[in-house]
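Novice: Numbering (our numbering), first residue to last: 41 to 158.
We put the CB at the ideal spot given by N, CA and C, even for glycine.
In this text the structure is predicted, and so the values were computed from the model without any measurement.
Shown next, in the form of structure tokens:
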């Protein structure tokens with residue numbers, strides 16, 4: 041199982057970025073995909089998820105500004121981030137939880153840095 045995240049960078053407050061996460065090693069269409077983030081000195085936190093059917097859920101802090109989508113033909117999940125704020129600065133990770141033998145195993149991408157300047 042591999043997850044490769046990209047698209048991070050440095051942007052001014054109010055700007056936009058689109059993160060991508062290309063996956064392999066499992067049947068992408070069947071699984072919920074998520075984005076999490078971890079700011080310096082803080083715990084990793086949930087940002088958004090999207091189900092195999094396209095239903096979405098967001099953290100309150102990003103709702104209305106971020107949009108998660110998926111392209112099953114490309115095995116890719118995206119996170120469009122608009123109206124970025126300095127507090128959005130973090131390393132962003134894509135995630136999938138795979139079930140096997142009655143237990144869940146979480147897999148993470150390598151992370152992509154997002155820095156929002158004020």
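Could you compute how far the alpha carbon of residue 158 sits from the alpha carbon of residue 152?
Specialist: Taking the straight line from one Cα to the other gives about 20 angstroms.
Novice: For residue 41, which of 128, 111, 68, 72 has the nearest alpha-carbon?
Specialist: Of the candidates 128, 111, 68, 72, the one whose C-alpha sits nearest the C-alpha of residue 41 is 68.
Novice: Nearest CA to the CA of residue 116: which residue from 71, 53, 124?
Specialist: Comparing Cα positions, the closest option is 71.
Novice: Taking DSSP as the reference, what is the three-state secondary structure of residue 76?
Specialist: Correct three-state label for residue 76: strand.
Novice: Are the CB atoms of residue 132 and residue 50 within a distance shorter than 8 angstroms?
Specialist: Not in contact: residue 50 and residue 132 (Cβ atoms no closer than 8 angstroms).
Novice: In angstroms with no decimal places, state the Cα-to-Cα distance between residue 91 and residue 112.
Specialist: Taking the straight line joining both Cα atoms gives about 11 angstroms.
Novice: Ordered along the chain, which non-local residues of its own chain (more than five positions away) have a Cβ less than 6 angstroms from that of residue 145?
Specialist: Here the set comprises 138.
Novice: In or out: residue 74 buried (at least 16 other Cβ within 10 Å) or exposed?
Specialist: So residue 74 ends up on the buried side.
Novice: Taking the beta strand (DSSP E) that residue 111 falls in, what are its first and last residues?
Specialist: Where residue 111 is concerned, the enclosing beta strand (DSSP E) stretches over 106–111.
Novice: Using the C-alpha atoms, what's the distance from residue 89 back to residue 102?
Specialist: Cα-Cα distance, rounded: 12 angstroms.
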